[in-house]
Amino acid sequence: MPVAAPTASAAWLTPVAGPPIPPIALQADPDGQTIGRHESCAIVLPPDADQVSRQHARFDADESGWRITDLGSRWGTFVNGVKLQPRAAMPISADDLIGIAPWTFSFTIHKPRRGLSLSDDTRNTIIRTLTDRESPLEDDLLKLLLDSSATIHGATTEHELATTLLGVAKRGTGLNNAVLLRPMDGLTAFDVIAADMPPGKTSAAGTFSRSLVTAAAHGDVAEIEGGAGDAYGQSLVQMNVTAAICAPLMLGASPAAFLYLDSRGGPPRMLRTNASSFCAALARVASLALANIKRLEMEKRQSRIDAEMHAAAVAQKWIMPKREQTIAGLRAIGDSRPGQYVGGDFFDVIPLANGKIAIALGDVSGKGVAASVLMTLTQGFLHAALLESGDPAAAVTRLNAFVAPRRPSSKFVTLWCGVIDPAAGIIRYVDAAHGYGLLRRRDGTVAALNEGGGLPVGVMDDGIYDAAETPISAGDTLVVVSDGIVEQPAPGAEPRVEFGIEGVEAVLASNPPDAVAALFDAVDAHARGEKLADDATALIVRL
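Numbering-wise (this note's numbering), the sequence shown opens with residue 110 and increments by one.
Spelled out as structure tokens, the structure:
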């Protein structure tokens, strides 16, 4: 599996559950890093991982932090046990658990293998795990569990939960020391979330039993009880540990933390009757509380994103022209609907000198924030270039020279740009690999306006664009749409059934008073709802 070389801006995915694989380095790539089974992914997981999609998820980073986006994977992507909505970016923070079955990864901005190491006592320590034959809780332990449940569920932070949990665990087991450990590098390094132990004991290597934690990682409570001999780790004997117990806090199928208790620092102790059953029940209560804390944290993250995206969507509408306007006797109606909060489509209607009108419709590859930023840049520059030159070929050529050196490698712009000259009865236009410009003549015939132009804007640094001309007459209708209109699929149809250019022509043939509104109504009906698969834009000019 390819692993990117670490940099100052790198983050790491460290496996904490699943088949053995090395830690994965993430780079802050402007185009993001895709993870999946396909060889084109920046991070390629083993091809025999059946629950990993070919293009499973994408990691993005900027000055605001890291985000993960599920790319419509079949089995889903999970953050802290919560399944992500497809194609909706979710911010991620240090120590979040990223689930891509069959793996669970710990996300961190530090190199792996930091934190506490555990005592390697796996060769000579016998571990017992809780079974269904364990006797039921005694009344006092049951009362302690019930009395503490409300306090545990009332915790609002992970540290508050941990502090409450440790006190209850010590009372219920009778052991002297308690710590809540977070796995950081598989099961070889750990962070201490909270501890109730003698000073200095939580920072020394070899403080905790690796075999005990390893046994608990499968979801069961594990315990050690003894004191000497081949069945007991020598390191534990040296620490005066006669009894120890470890219970996992699970998020889904993966351990998010380990409740670890032992008897060091006091007289020799044996485990209290029902200690394992008590810890198992306590860990389940704490797991639910931890899951709720993580869920609330993710809801807060999503709320912040929603608020920021809503503000961005409002701001994006400011740069669009009025939906309907009449210029030099020509009626123009345009509308754009983003596939997400913000989109990569734009349209423009610009009055020029001598009664001419420039119109443009562009579509940035992809969607979301990255596409919307390039869209804003493109529309603003093109608007100024058209006002200055009044010529579509010159304006698009200048736009390409501006965009090409600035665009991310995966982004480009398809564009249809034309200048209508009613007095001369012509329209000069550039079709930069857009393909969805139509002229419906007053006699009902339809001509495709796709002759002038070239490659998408931004693909070649030195691209030169030529314009084509076609005659126009009063009563003609000029139509330009984005691929979000034409390629909108009907849900559940096999084979795929798109709205198609024929759908656009059918709406125009009905001659509705507001052809743009009628067109979006028809697309919504085809999509069986207003949630379209991609950004969708339409611009119609009655000549």
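C-beta atoms are modelled at their ideal positions from N, C-alpha and C, and glycine is treated no differently.
Self-check item: Heavy atom of the ligand SAM within 7 Å of L508 beta-carbon
Solution: By its list of ligands, the structure shown contains no ligand whatsoever, and the ligand SAM lies outside what it can speak to.
Quiz item: alpha helix (DSSP H) containing I594: first to last residue?
Solution: Mapped onto the sequence shown, residue 594 falls at position 485. Its alpha helix (DSSP H) spans residues D592 to V595.
Self-check item: Pairwise C-alpha distance: P156 and L470
Solution: Here the question's residue 470 lines up with position 361 in the sequence shown. Here the question's residue 156 lines up with position 47 in the sequence shown. Distance between the alpha carbons of L470 and P156 is about 41 Å.
Quiz item: Would P200 pass as a contact of G174 if the rule is Cβ separation under 8 Å?
Solution: The residue given as residue 200 occupies position 91 in the sequence shown. The residue given as residue 174 occupies position 65 in the sequence shown. Cβ atoms of P200 and G174: closer than 8 Å.
Quiz item: Does the Cβ-Cβ distance between L654 and I436 come in under 8 Å?
Solution: Residue 654 is absent from the model: the chain starts at 110 and stops at 652.
Quiz prompt | Backbone secondary structure at P128 - three-state DSSP | solution = Indexing the sequence shown from 1 puts residue 128 at position 19. Residue state, collapsed to three classes: coil.
Practice problem: Give the range of the beta strand (DSSP E) segment to which F168 is assigned. | Solution: Position 59 of the sequence shown, counted from the start, is the residue given in the question as residue 168. Counting along the chain, the beta strand (DSSP E) containing F168 begins and ends at A166 to D171.
Quiz item: What does A467 pair with, by DSSP beta-bridge criteria?
Solution: Here residue 467 refers to the residue found at position 358 when the sequence shown is read from its first residue. Beta-bridge partners of A467 (DSSP): I459 and V528.
Quiz item: On the three-state DSSP scale, how would you describe A314?
Solution: Working through the sequence shown from its first residue, we reach residue 314 at position 205. Reliability of the predicted coordinates at A314 is poor, the pLDDT of 42 falling under 50, and no value is obtained from them.
Quiz item: Per DSSP, what kind of secondary structure is I442 in: helix, strand or coil?
Solution: Taking the sequence shown and counting its residues from 1, the one referred to as residue 442 is at position 333. Here I442 sits in strand by DSSP.
Exercise. Kindly indicate which three-state DSSP category T579 falls into: helix, strand or coil?
Key: The residue labelled residue 579 in the question sits at position 470 within the sequence shown. Reduced to three states, the DSSP call for T579 is strand.
Self-check item: Cβ shell of L399 (< 8 Å), same chain only, five flanking positions each side left out
Solution: Taking the sequence shown and counting its residues from 1, the one referred to as residue 399 is at position 290. So the qualifying residues of the chain are E267, L270, L358, L360, A365 and A366.
Quiz item: Can G534 and D540 be called in contact, C-beta distance under 8 Å?
Solution: As a position in the sequence shown, residue 534 is number 425, starting the count at 1. As a position in the sequence shown, residue 540 is number 431, starting the count at 1. No, the Cβ-Cβ distance between G534 and D540 is not below 8 Å.
Practice problem: Taking L558 as the reference, give the member of V566, P565, R549 and H635 with the closest Cα. | Solution: In the sequence shown, the residue the question calls residue 558 occupies position 449. Checked all of V566, P565, R549 and H635; the closest Cα to L558 is R549.
Quiz prompt | Reduced DSSP category for Q434 - H, G, I as helix; E, B as strand; rest coil | solution = Numbered from 1 along the sequence shown, position 325 holds the residue referred to as residue 434. In the structure shown, Q434 sits in a strand (DSSP, three-state: E or B).
Exercise. Give every residue of the same chain whose Cβ lies closer than 8 Å to the Cβ of L397, excluding the five residues on either side of it in the sequence, and list them in chain order.
Key: Position 288 of the sequence shown holds residue 397. Here the set comprises H262.
Quiz item: If we call anything under 8 Å between Cβ atoms a contact, is L628 one with T586?
Solution: The residue given as residue 628 occupies position 519 in the sequence shown. The residue given as residue 586 occupies position 477 in the sequence shown. In this structure, T586 does not lie closer than 8 Å to L628 by Cβ.
Quiz item: Does the distance from the CB of T282 to the CB of R381 come in under 8 Å?
Solution: For the purposes of this step, residue 282 is taken as residue 173 along the sequence shown, with counting starting at 1. For the purposes of this step, residue 381 is taken as residue 272 along the sequence shown, with counting starting at 1. Yes, Cβ-Cβ distance for T282 and R381 is below 8 Å.
Exercise. Take S312 and list the residues in its own chain whose beta-carbon comes closer than 7 Å to its own, dropping the five residues that flank it on each side.
Key: Looking up residue 312 in the sequence shown gives position 203. Its pLDDT being 49, under 50, S312 is placed unreliably in this model, and the coordinates cannot settle the point.
Quiz prompt | Nearest residue (CA-CA) to H165, options L254, R146, S481 and C526 | solution = Your numbering for residue 165 matches position 56 in the sequence shown. Closest option to H165, Cα to Cα, is R146.
Practice problem: Determine the direct distance from the alpha carbon of V512 to that of T487, and round the result to whole angstroms. | Solution: On the sequence shown, residue 487 is found 378 positions in, with the first residue counted as 1. On the sequence shown, residue 512 is found 403 positions in, with the first residue counted as 1. Each residue's Cα considered, the two are about 7 Å apart.
Quiz prompt | CB contact flag (F521, V566, <8 Å) | solution = Translated into the one-based positions of the sequence shown, residue 521 becomes position 412. Translated into the one-based positions of the sequence shown, residue 566 becomes position 457. It is a contact, given that the beta carbons lie within the stated cut-off.
Self-check item: 3 or more residues per run - each beta strand (DSSP E) lying fully within the region 528-562
Solution: 535-541, 546-549 and 555-557
Practice problem: Can you grab the Cα-Cα spacing for the pair N509 / G208, in whole Å? | Solution: Here residue 509 refers to the residue found at position 400 of the sequence shown. Here residue 208 refers to the residue found at position 99 of the sequence shown. If you take the alpha carbons of N509 and G208, they lie about 41 Å apart.
Quiz item: Hey, how far is the Cα of R196 from the Cα of G452?
Solution: Residue numbering aside, residue 196 sits at position 87 when the sequence shown is read from its first letter. Residue numbering aside, residue 452 sits at position 343 when the sequence shown is read from its first letter. Using only the alpha carbons, I get a separation of about 13 Å.
Quiz prompt | Nearest neighbour of D575, chosen from W184, A479, A502 and C355 [CA to CA] | solution = Residue numbering aside, residue 575 sits at position 466 when the sequence shown is read from its first letter. The residue with the shortest Cα to Cα distance from D575 is A502.
Quiz item: Roughly how many angstroms lie between the CA atoms of G181 and D140, to the nearest whole one?
Solution: For the purposes of this step, residue 181 is identified with residue 72 of the sequence shown, where counting begins at 1. For the purposes of this step, residue 140 is identified with residue 31 of the sequence shown, where counting begins at 1. Between G181 and D140, the C-alpha separation is close to 18 Å.
Quiz item: How long is the line joining the alpha carbons of H492 and Q425, rounded to whole angstroms?
Solution: Within the sequence shown, numbered from 1, the residue matching residue 492 stands at position 383. Within the sequence shown, numbered from 1, the residue matching residue 425 stands at position 316. H492 and Q425 have their C-alpha atoms some 15 Å from each other.
Quiz item: Quick one: Cα of T186 to Cα of T485, how far?
Solution: Start at 1 with the first residue of the sequence shown, and residue 186 comes out as number 77. Start at 1 with the first residue of the sequence shown, and residue 485 comes out as number 376. Spanning the two alpha carbons is a distance of roughly 31 Å.
Quiz item: Around the Cβ of H635, are there at least 16 other Cβ atoms within 10 angstroms (buried) or fewer (exposed)?
Solution: Taking the first residue of the sequence shown as 1, we reach residue 635 at position 526. The residue in question, H635, is buried, as its Cβ has 16 or more Cβ neighbours within 10 Å.
Self-check item: P131 versus T143 - alpha carbon distance
Solution: For the purposes of this step, residue 131 is taken as the residue at position 22 of the sequence shown. For the purposes of this step, residue 143 is taken as the residue at position 34 of the sequence shown. When rounded, the distance between both Cα atoms is 17 Å.
Quiz prompt | Residue from T579, G563 and A642 whose Cα sits closest to the Cα of I594 | solution = Taking the first residue of the sequence shown as position 1, residue 594 is located at position 485. Closest by alpha carbon: A642.
Quiz item: When the distance is taken between beta carbons, is D472 closer than 8 Å to D592?
Solution: Walking along the sequence shown from the start, residue 592 turns up at place 483. Walking along the sequence shown from the start, residue 472 turns up at place 363. Against a cut-off of 8 Å, the Cβ pair of D472 and D592 comes out as a contact.
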